[in-house]
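Residue numbers (the working numbering): 87 to 346. All remarks here apply to the structure that follows.
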């Protein structure tokens, strides 16, 4: 027994010396660059970040840029939006404005999931609490849900594969912590149970918010989705209370998430 203990100690010592000598060390998460979301500037902060992009992510519902009625569009229209040809990180977003960035739009789609984003984004000053981070919303069309249906006996592994196939045809929307101050129901905890109650794990919603091009993920760290155009931030979320019978052109059947 004593011999085994000595051997284990020697092996541990060799491992420790080897890793220290090679410069290996576990990665440490960067600390937030603001005390809380209330002290995080609209430009965000941190290391390598784009203040112009962050300012767009951090608009508020009462900003003049998103005042007035929203333009109604389809998810197909969003999928067909073009990428910029001359964009450089941190540079002018005039080309993106010409493509539509900054418009207030409304889109009807099926919401598959509200993902927590607790990794510490620069727009939120690297903060990681649920209250101070975004929720990533995965939106798809009815055609996608019909193309990749869930059956009553679908097992978990198969369901994961179906979700991945659906997500490849998705568009992104985002709940943000700043908008959440006046829309406290804009949370994963509120919307995800409504999704889970549906037969296809796909909730019919009408999403209103700012059209924004996610240039960060366009330049690198690409996400699983059709393109990098988002509804970001979400300014209004409505749920169809009559199954799949709600129309983009009528208010019948729609109920605001704020009222649920």
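Glycine included, each C-beta is placed from N, C-alpha and C at the ideal position.
Tell me which residue opens and which closes the beta strand (DSSP E) that residue 295 is part of.
Here residue 295 corresponds to residue number 209 of the chain shown, with the count starting at 1. 289 to 299 is the span of the beta strand (DSSP E), which, as asked, contains residue 295.
State the start and end residues of the unbroken beta strand (DSSP E) segment that holds residue 318.
Residue numbering aside, residue 318 sits at position 232 when the chain shown is read from its first letter. From DSSP, the beta strand (DSSP E) with residue 318 extends over 315 to 326.
Among the candidates 120, 338 and 306, whose CA atom is the shortest distance from the CA of residue 206?
Working through the chain shown from its first residue, we reach residue 206 at position 120. Nearest neighbour of residue 206 by Cα position, chosen from 120, 338 and 306, turns out to be 120.
Just checking, does the region 175 to 187 make contact with the region 133 to 144 on the three C-beta pairs under 8 Å criterion?
By the Cβ rule, the region 175 to 187 counts as touching the region 133 to 144, because three or more pairs are nearer than 8 Å.
Just to confirm, is the Cβ distance from residue 274 to residue 200 under 8 Å?
Sequence index remark: in the chain shown, residue 274 carries index 188 (1-based). Sequence index remark: in the chain shown, residue 200 carries index 114 (1-based). In this structure, the beta-carbon distance from residue 274 to residue 200 falls below 8 Å.
Going residue by residue through the region 126 to 193, where are the continuous alpha helix (DSSP H) segments of at least 4 residues, counting only ones entirely within it?
Entirely contained in the region 126 to 193, the alpha helix (DSSP H) runs reaching 4 residues are, in chain order, 137 to 143, 161 to 165 and 180 to 185.
Any chance you could list the alpha helix (DSSP H) runs of at least 4 consecutive residues sitting entirely within the region 227 to 262, in chain order?
228 to 233 and 242 to 253
Does the distance from the C-beta atom of residue 259 to that of residue 223 stay below 8 Å?
Taking the first residue of the chain shown as position 1, residue 259 is located at position 173. Taking the first residue of the chain shown as position 1, residue 223 is located at position 137. Taking 8 Å as the Cβ cut-off, residue 259 and residue 223 qualify as a contacting pair.
Sorted by chain position, which residues of the same chain lie with C-beta nearer than 7 Å to residue 245's C-beta, five sequence neighbours on each side aside?
As a first step, residue 245 must be located in the chain shown, where it is residue number 159. Within the same chain, and ignoring the five residues on either side of residue 245 in sequence, the residues whose Cβ sits closer than 7 Å to its Cβ are 236.
Taking Cβ to Cβ, would you say residue 118 is nearer than 8 Å to residue 212?
Taking the chain shown and counting its residues from 1, one reaches residue 118 at position 32. Taking the chain shown and counting its residues from 1, one reaches residue 212 at position 126. The Cβ atoms of residue 118 and residue 212 sit closer than 8 Å to each other.
Relative to the C-alpha of residue 263, which residue among 130, 314 and 158 is closest?
Along the chain shown, read from residue 1 onward, the residue named residue 263 stands at position 177. Of the candidates 130, 314 and 158, the one whose C-alpha sits nearest the C-alpha of residue 263 is 130.
Below 7 Å CB to CB, which residues in the same chain sit around residue 151 once its five sequence neighbours on both sides are set aside?
The residue given as residue 151 occupies position 65 in the chain shown. Contacts found: 145 and 188.
In this structure, does DSSP put residue 210 in helix, strand or coil?
Mapped onto the chain shown, residue 210 falls at position 124. Residue state for residue 210 is assigned as helix, using DSSP reduced to three classes.
What three-state label does DSSP hand residue 197 in the structure shown?
Residue mapping note: residue 197 aligns to position 111 of the chain shown, counting from 1. In this structure, residue 197 counts as strand in the three-state DSSP scheme.
Per DSSP, which residues does residue 202 bridge with? Please list them.
Numbered from 1 along the chain shown, position 116 holds the residue referred to as residue 202. In DSSP, residue 202 forms a bridge with 221.
Excluding the 5 residues preceding and the 5 following residue 227 in the sequence, name in chain order all residues of the same chain whose CB lies nearer than 6 Å to its CB.
As a first step, residue 227 is located in the chain shown; it is residue number 141 there, counting from the start. The answer, listed in chain order, is 161.
What do you reckon, are the CB atoms on residue 165 and residue 313 nearer than 8 Å?
Residue mapping note: residue 165 aligns to position 79 of the chain shown, counting from 1. Residue mapping note: residue 313 aligns to position 227 of the chain shown, counting from 1. In contact: residue 165 and residue 313 (Cβ atoms closer than 8 Å).
Pull up the distance between the alpha-carbon of residue 307 and that of residue 248, whole angstroms please.
Here residue 307 corresponds to residue number 221 of the chain shown, with the count starting at 1. Here residue 248 corresponds to residue number 162 of the chain shown, with the count starting at 1. Going from the Cα of residue 307 to the Cα of residue 248 covers about 23 Å.
The beta strand (DSSP E) with residue 341 in it runs from where to where?
Here residue 341 refers to the residue found at position 255 when the chain shown is read from its first residue. Taken as a continuous stretch (DSSP letters only), the beta strand (DSSP E) holding residue 341 covers 340 to 342.
Classify residue 320: buried if its beta carbon has 16 or more other beta carbons within 10 angstroms, exposed otherwise.
Counting from one through the chain shown, the residue named residue 320 turns up at place 234. Buried: at least 16 other Cβ atoms inside 10 Å.
Can you say whether residue 252 is buried or exposed, counting buried as having 16 or more other CB atoms within 10 angstroms of its CB?
Here residue 252 refers to the residue found at position 166 when the chain shown is read from its first residue. With 16 or more Cβ atoms within 10 Å of its Cβ, residue 252 is classed as buried.
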